[in-house]
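S.K.:
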Amino acid sequence: MPRYTLTHSLVHLSTTSIKRDNDHNHAKQRTPECVNRDETTAGCSSPTFDFDFYRHPEELDLTTSPQTVIASFVVENVRSATVDDKASYITVRLVGSELQFLTTEAFAQYEEHETLAFIIVQVSYECTTGPSPAGTYRHHLKLANNHAPRFLQETYEALVPLPLPKHFDVSPFIANGAGVMARDIDLVNNEVTFSIADNDYMIVESLAIPNDPKQFKAILRLKEQVLKMPNKLELTVTATDNGVPTKSSQVSVFIEPDLSIVYDDPPEFKETFVNRTIEKDLLLQLELIPGTETNDVQYTVEGIDAQYFTLVRWANNTGVDLKVNDLQDLPNSKTFLNVIVVARRSELQKTTCVVLLDIPPDSLPETPDTTVEKVLGVLHLKEMIEHRDIFPLAVESCVYTILSQTPGDYFFIQDAEHSLSSKAFDREDGNLFSELDFPQFWIVLQLKCTSLSTLNPQDEPYTSPINRLGPMRDIDFSTTLTHLNVIVEDVNDNSPEFSYPLNNARVAFPSPRLVQKILPENLLKVEASDRDEGINAVIRYALAVNSHFDIDPQTGVIFPLKTVFATDDSTSLEIFATDRDGAEDGNTSVMRITVYKASDDQLAALTVDEIDPDALYSTLREISSKEGIQIELIKNVFSVTGDEGKTNSRSSTARYTTTAVVYAFKDDNLLLHDELQSIIESLPTNLTLRFLKINDLFGAQATINDPESSVIYPYIIVAAFFGTLAVAMAAAAFYYRAKTRQPIMGDDDAIFPPRSSDGSDTIIVENDHQFSSSTPPKAHDQISGATVT
Numbered sequence: 017m018p019r020y021t022l023t024h025s026l027v028h029l030s031t032t033s034i035k036r037d038n039d040h041n042h043a044k045q046r047t048p049e050c051v052n053r054d055e056t057t058a059g060c061s062s063p064t065f066d067f068d069f070y071r072h073p074e075e076l077d078l079t080t081s082p083q084t085v086i087a088s089f090v091v092e093n094v095r096s097a098t099v100d101d102k103a104s105y106i107t108v109r110l111v112g113s114e115l116q117f118l119t120t121e122a123f124a125q126y127e128e129h130e131t132l133a134f135i136i137v138q139v140s141y142e143c144t145t146g147p148s149p150a151g152t153y154r155h156h157l158k159l160a161n162n163h164a165p166r167f168l169q170e171t172y173e174a175l176v177p178l179p180l181p182k183h184f185d186v187s188p189f190i191a192n193g194a195g196v197m198a199r200d201i202d203l204v205n206n207e208v209t210f211s212i213a214d215n216d217y218m219i220v221e222s223l224a225i226p227n228d229p230k231q232f233k234a235i236l237r238l239k240e241q242v243l244k245m246p247n248k249l250e251l252t253v254t255a256t257d258n259g260v261p262t263k264s265s266q267v268s269v270f271i272e273p274d275l276s277i278v279y280d281d282p283p284e285f286k287e288t289f290v291n292r293t294i295e296k297d298l299l300l301q302l303e304l305i306p307g308t309e310t311n312d313v314q315y316t317v318e319g320i321d322a323q324y325f326t327l328v329r330w331a332n333n334t335g336v337d338l339k340v341n342d343l344q345d346l347p348n349s350k351t352f353l354n355v356i357v358v359a360r361r362s363e364l365q366k367t368t369c370v371v372l373l374d375i376p377p378d379s380l381p382e383t384p385d386t387t388v389e390k391v392l393g394v395l396h397l398k399e400m401i402e403h404r405d406i407f408p409l410a411v412e413s414c415v416y417t418i419l420s421q422t423p424g425d426y427f428f429i430q431d432a433e434h435s436l437s438s439k440a441f442d443r444e445d446g447n448l449f450s451e452l453d454f455p456q457f458w459i460v461l462q463l464k465c466t467s468l469s470t471l472n473p474q475d476e477p478y479t480s481p482i483n484r485l486g487p488m489r490d491i492d493f494s495t496t497l498t499h500l501n502v503i504v505e506d507v508n509d510n511s512p513e514f515s516y517p518l519n520n521a522r523v524a525f526p527s528p529r530l531v532q533k534i535l536p537e538n539l540l541k542v543e544a545s546d547r548d549e550g551i552n553a554v555i556r557y558a559l560a561v562n563s564h565f566d567i568d569p570q571t572g573v574i575f576p577l578k579t580v581f582a583t584d585d586s587t588s589l590e591i592f593a594t595d596r597d598g599a600e601d602g603n604t605s606v607m608r609i610t611v612y613k614a615s616d617d618q619l620a621a622l623t624v625d626e627i628d629p630d631a632l633y634s635t636l637r638e639i640s641s642k643e644g645i646q647i648e649l650i651k652n653v654f655s656v657t658g659d660e661g662k663t664n665s666r667s668s669t670a671r672y673t674t675t676a677v678v679y680a681f682k683d684d685n686l687l688l689h690d691e692l693q694s695i696i697e698s699l700p701t702n703l704t705l706r707f708l709k710i711n712d713l714f715g716a717q718a719t720i721n722d723p724e725s726s727v728i729y730p731y732i733i734v735a736a737f738f739g740t741l742a743v744a745m746a747a748a749a750f751y752y753r754a755k756t757r758q759p760i761m762g763d764d765d766a767i768f769p770p771r772s773s774d775g776s777d778t779i780i781v782e783n784d785h786q787f788s789s790s791t792p793p794k795a796h797d798q799i800s801g802a803t804v805t
């Protein structure tokens, strides 16, 4: 390990020696006669060397080999000379009348362990006569960029789990957590900067190691979130110091996904388009991107030329071999073979690879040298921004022109630019993409060259074989046409929109004493939506801190706390809805509602015959609209009763009722029980209504001397009541289910196969392309009735 403690002692030693040297020189200037007399009687003497302190005027090259004489002096009356520190980088010896200083074996490792730019040694002398002095020898070092940075390993490997988030540092998976390290042992200009070639996955940062000025660390971070990695990633990391001239070294870093972790994602081919020239024994190997479940994947060959191919699955079912059956069986008129290889787990989880094999005929007419490089291209463009340099339009001396595009007219060729550009488009524009499965554009480009004019004397209108309900099909092979499929990627340009309740709505909740009787499940369920797609449309709810209610962040259900209305008669709730599942860069909408404490005389138990809860709720909405009041439900119970003595619950004489606990607002005031009853009973209706006060519904508490019994008795009554209602609800559910079941599926329904996730816990992924974005909400997308923050 570095011997940096030695350098600190040398600093102290050098300071002392310099002070002593200054004092010694000062004494010489004051009394030269005494100095000469002392040197005569001291014994050890030299005309060129000062035994007390000597500083060599020349700098010592750090590349000097061990056992090299670096200084030599003629001395007299010296019997021996030794260096006090046996581990010193410089030693001394006496050869006849010559005192020599030379490097030791340890000198070769000086830069590895030290940081000082000079070496100081203490030397003890033995004279033939007189006292034996001890002195200091100091030699400064020649500073130069002698070494390039050195990596601590020859190669680095990392096995990483997927997926990984954006800006993730993969160093914990490299070299047992140490990461990529480099060391530069030069005394100066040894600061190391790391760099890597431009790639799709990684960026590199440089970090100095504390308490070790010679060691540096390369931080490898992900540019974006990585869901899948088709192949092992090989990076070349370059470490460059800041010397003059600079020196550098390189190391290879291999990063590969941990294939022992398998995800239940849709399959995806490594190559989505393969273009080859047909030849004898041609074998195409089509492999799925590793890291997803492949045991149940099925492979098929589709297309008009599928009969000429044989498909062989690999033993591990992660890919297939595709080969032509027999070249002799191909018709002479064929100039190419075109098929699609499909890997399918279900209709919703499948991937395709387009295979195009050119068949060179025995004799071909003269064809132009320049042809299209791509017959089909798939591009991903983000919405709401203008795009430039989408696709290069110049190929040698030829230029592409736009033959057709659909939907809309968003793509154009910028004047004086040989590339495709586009105007901004909105992914949420329902009119633009209404007839498509997902937002996308199809563009047909035609390559025009001077040499092609003789082959195409006139341009005919191109009829694009586009299915407006899905992707392009039956792409005709042509050396002059390129088809572009532009998939529109979503950005987070919309904020959540509340649909229920309305902003500044008023609701009521029973007092703590009534809560124990009514047992309400929740206050209400907040409903909001977002017009974006994927993670940008996932909403997470939150409430401002209060002592009465809390909210489920995923479902939006607001439920009471134990301290609900313990002291207050009302409270204002601030509800937040944040998209991107509550991420920091998500857009947040806020709304407010006021909750009032409802007492016994402000609640009513309403029982209606021959009506279900949904119909009752609709009826109360109509009454609220007509009478200018707001009627709301706290809880409702649906019950069914049949004729006595009949075991079949589906009897035609079965009757049902709905009992609901309701309240009503008029302006900002809660109506009393009698007021609400008077309003509803005054309305013309065919319904059979019965009103009860809450205390009448549950009955008066029995007077019991035992205090414990007086507490338990009301709960027994409540449990028995709701237990009976629960049994009745179960019977009603069974009745209506049996009533509405169809024993035989119609022919029209049979054509739709069931999804693979039916009856399982598998999550159906609606959008495979989910991209993180911090795009702020549009200024004009303010939500009515809500404040965007």
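Sequence positions in the sequence shown follow our numbering and run 17 to 805. From the three backbone atoms N, C-alpha and C, an ideal C-beta is built for every residue, glycine too.
1) Between I503 and the rest of its own chain, which residues show a CB-CB distance below 6 angstroms, the 5 nearest in sequence each way excluded?
2) How long is the line joining the alpha carbons of A160 and F65, rounded to whole angstroms?
3) Would you tell me roughly how many angstroms separate the C-alpha atoms of A716 and N552, rounded to the nearest one?
4) For the region 211 to 221 against the region 250 to 266, do three or more pairs of beta-carbon atoms, one drawn from each stretch, fall closer than 8 angstroms, so that the two count as touching?
5) CA-CA distance, I305 and S349?
6) Going by DSSP in three states, M745 sits in which element: helix, strand or coil?
7) May I have the straight-line CA-CA distance separating T623 from A582, to the nearest angstrom?
8) Could you check if R706 is buried or exposed, using at least 16 other CB atoms within 10 Å of its CB as the buried criterion?
9) May I have the straight-line CA-CA distance separating E600 from N510, to the nearest angstrom?
10) Please name the residue, chosen from C465, D568, D297, that lies closest to C5 on a Cα-to-Cα basis.
11) Taking Cβ to Cβ, would you say I429 is nearer than 8 angstroms to I459?
12) Have a look at T495 and E412 and give me their C-alpha separation to the nearest angstrom.
13) Taking its Cβ as the centre, do 16 or more other Cβ atoms sit within 10 Å of E121, making it buried, or is it exposed?
14) Tell me which residues share the same chain as T579 and place their Cβ nearer than 8 angstroms to its Cβ, disregarding the 5 neighbours each side in the sequence.
15) Does the beta-carbon distance from P177 to D281 come in below 8 angstroms?
16) Between the Cα of L168 and the Cα atoms of S268, L115, L110, which residue gives the shortest distance?
17) Rounded to whole angstroms, how far is the Cβ of L461 from the Cβ of H434, which I believe are closer than 8 angstroms?
18) When you compare the region 90 to 100 with the region 75 to 82, are there three or more beta-carbon pairs, one atom per stretch, that lie closer than 8 angstroms?
19) Below 8 angstroms on the Cβ atoms is my contact criterion, and I expect D200 with K230 to pass it. Report the Cβ-Cβ distance as a whole number of Å.
20) Tell me which same chain residues have a C-beta within less than 6 angstroms of the C-beta of R109, skipping the five on either side of it?
21) I'd like to confirm something about E92: is its beta-carbon nearer than 7 angstroms to some heavy atom of the ligand ATP, or not?
22) Can you tell me whether DSSP reads T144 as helix, strand or coil?
23) Quick one, are the C-beta atoms of V678 and L699 less than 8 angstroms apart?
24) If I measure Cβ to Cβ from A766 and keep anything under 7 angstroms in the same chain, skipping five residues before and after, which residues do I get?
25) With a CB to CB cut of under 7 angstroms and the five nearest residues on each side skipped, what residues in its chain are close to N206?
26) Where do the N-terminal and C-terminal ends of the beta strand (DSSP E) with T334 fall, by residue?
27) For H183, name the three-state secondary structure that DSSP assigns.
28) What number of angstroms, rounded off, separates the C-alpha of V336 from the C-alpha of E127?
29) Return the bridge partner residues of I647 from the DSSP annotation.
30) Are the CB atoms of G151 and Y70 within a distance shorter than 8 angstroms?
31) With a threshold of 16 other CB atoms inside 10 Å of the CB of Y516, please say whether the residue is buried or exposed.
32) Is the number of C-beta pairs between the region 585 to 598 and the region 608 to 616 that are closer than 8 angstroms three or more?
33) Using DSSP with H/G/I as helix, E/B as strand and the rest coil, what is G151?
34) Would you check if the distance between the CB atom of T674 and the CB atom of N652 is smaller than 8 angstroms?
35) Nearest to P283 by CA position, among K296, E318, V313, I567, is which residue?
36) Going by DSSP in three states, N291 sits in which element: helix, strand or coil?
M.R.: In terms of the structure at hand:
1) Working through the sequence shown from its first residue, we reach residue 503 at position 487. Excluding residues up to 5 positions away in sequence, H396, Q456 lie with their Cβ nearer than 6 angstroms to the Cβ of I503 in the same chain.
2) Reading the sequence shown from its first residue, position 144 is the one you call residue 160. Reading the sequence shown from its first residue, position 49 is the one you call residue 65. Roughly 28 angstroms separates the two Cα atoms.
3) Counting from one through the sequence shown, the residue named residue 716 turns up at place 700. Counting from one through the sequence shown, the residue named residue 552 turns up at place 536. For A716, the pLDDT reaches just 42, beneath the cut-off of 50, and the residue's location in the model is therefore unreliable, leaving the point undetermined.
4) A contact exists between the region 211 to 221 and the region 250 to 266.
5) Translated into positions along the sequence shown, residue 305 becomes position 289. Translated into positions along the sequence shown, residue 349 becomes position 333. Whole-angstrom Cα-Cα distance: 36 angstroms.
6) Walking along the sequence shown from the start, residue 745 turns up at place 729. Note: M745 maps to helix in three-state DSSP.
7) In the sequence shown, counting from the first residue as 1, residue 623 sits at position 607. In the sequence shown, counting from the first residue as 1, residue 582 sits at position 566. Cα to Cα, T623 sits roughly 30 angstroms from A582.
8) Working through the sequence shown from its first residue, we reach residue 706 at position 690. By the 10 Å Cβ count, R706 comes out exposed.
9) Along the sequence shown, one-based indexing puts residue 600 at 584. Along the sequence shown, one-based indexing puts residue 510 at 494. E600 and N510 have their alpha carbons spaced roughly 15 angstroms apart.
10) Nothing about residue 5 can be read from this structure; the chain reaches only from 17 to 805.
11) Translated into the one-based positions of the sequence shown, residue 429 becomes position 413. Translated into the one-based positions of the sequence shown, residue 459 becomes position 443. No, Cβ-Cβ distance for I429 and I459 is not below 8 angstroms.
12) In the sequence shown, residue 495 corresponds to position 479, counting from 1. In the sequence shown, residue 412 corresponds to position 396, counting from 1. Between T495 and E412, the C-alpha separation is close to 14 angstroms.
13) On the sequence shown, residue 121 is found 105 positions in, with the first residue counted as 1. When all chains shown are included, E121 counts as exposed.
14) Against the sequence shown, residue 579 aligns to sequence position 563. Residues of the same chain with a CB within less than 8 angstroms of the CB of T579, apart from the 5 flanking positions on each side, are S563, H564 in chain order.
15) Here residue 177 refers to the residue found at position 161 when the sequence shown is read from its first residue. Here residue 281 refers to the residue found at position 265 when the sequence shown is read from its first residue. In this structure, P177 sits away from D281, with a CB-CB distance that is not shorter than 8 angstroms.
16) The residue labelled residue 168 in the question sits at position 152 within the sequence shown. For L168, the nearest C-alpha among the options comes from S268.
17) For the purposes of this step, residue 461 is identified with residue 445 of the sequence shown, where counting begins at 1. For the purposes of this step, residue 434 is identified with residue 418 of the sequence shown, where counting begins at 1. Cβ atoms of L461 and H434 stay farther apart than 8 angstroms, at about 12 angstroms.
18) No, because fewer than three Cβ pairs between the region 90 to 100 and the region 75 to 82 fall closer than 8 angstroms, the two stretches do not touch.
19) Walking along the sequence shown from the start, residue 200 turns up at place 184. Walking along the sequence shown from the start, residue 230 turns up at place 214. Yes, they are in contact, since the Cβ atoms of D200 and K230 sit about 6 angstroms apart, within 8 angstroms.
20) For this step, residue 109 is matched to residue 93 along the sequence shown. Contacts found: Q116.
21) Looking for the ligand ATP in the displayed structure turns up nothing, as the structure carries no ligands at all.
22) Walking along the sequence shown from the start, residue 144 turns up at place 128. If DSSP states are grouped into helix, strand and coil, T144 belongs with coil.
23) What you label residue 678 is simply residue 662 of the sequence shown in a count that begins at 1. What you label residue 699 is simply residue 683 of the sequence shown in a count that begins at 1. Contact: no.
24) Taking the first residue of the sequence shown as 1, we reach residue 766 at position 750. Confidence at A766 is low in this model, with a pLDDT of 36, below 50, so the placement of that residue should be treated as unreliable; the coordinate-derived value is given next. Cβ within range, chain order: n/a, list empty.
25) Residue mapping note: residue 206 aligns to position 190 of the sequence shown, counting from 1. So the list reads D200, K230, D257, once near-sequence residues are dropped.
26) Position 318 of the sequence shown, counting from 1, holds the residue named residue 334. Per DSSP, T334 lies in no beta strand (DSSP E) and is assigned neither H nor E.
27) Counted from its first residue, the sequence shown places residue 183 at position 167. Of the three classes helix, strand and coil, the one that applies to H183 here is coil, per DSSP.
28) The count along the sequence shown starts at 1 and reaches residue 336 at position 320. The count along the sequence shown starts at 1 and reaches residue 127 at position 111. C-alpha separation (whole angstroms): 57 angstroms.
29) Your numbering for residue 647 matches position 631 in the sequence shown. According to DSSP, residue pairing for I647 in a beta bridge involves A680.
30) Position 54 of the sequence shown, counted from the start, is the residue given in the question as residue 70. Position 135 of the sequence shown, counted from the start, is the residue given in the question as residue 151. Yes. Within cutoff.
31) To locate residue 516, count along the sequence shown from 1; it is residue 500. Y516 sits exposed, since fewer than 16 C-beta atoms from the chains shown fall within 10 Å of its C-beta.
32) With a cut-off of 8 angstroms, the region 608 to 616 and the region 585 to 598 count as touching, because enough Cβ pairs lie within range.
33) Sequence index remark: in the sequence shown, residue 151 carries index 135 (1-based). The three-state reading of DSSP puts G151 in strand, counting E and B together.
34) To locate residue 674, count along the sequence shown from 1; it is residue 658. To locate residue 652, count along the sequence shown from 1; it is residue 636. Yes, they are a contact pair.
35) Position 267 of the sequence shown, counting from 1, holds the residue named residue 283. Closest by alpha carbon: V313.
36) The sequence position of residue 291 within the sequence shown is 275, counting from 1. Reduced to three states, the DSSP call for N291 is strand.
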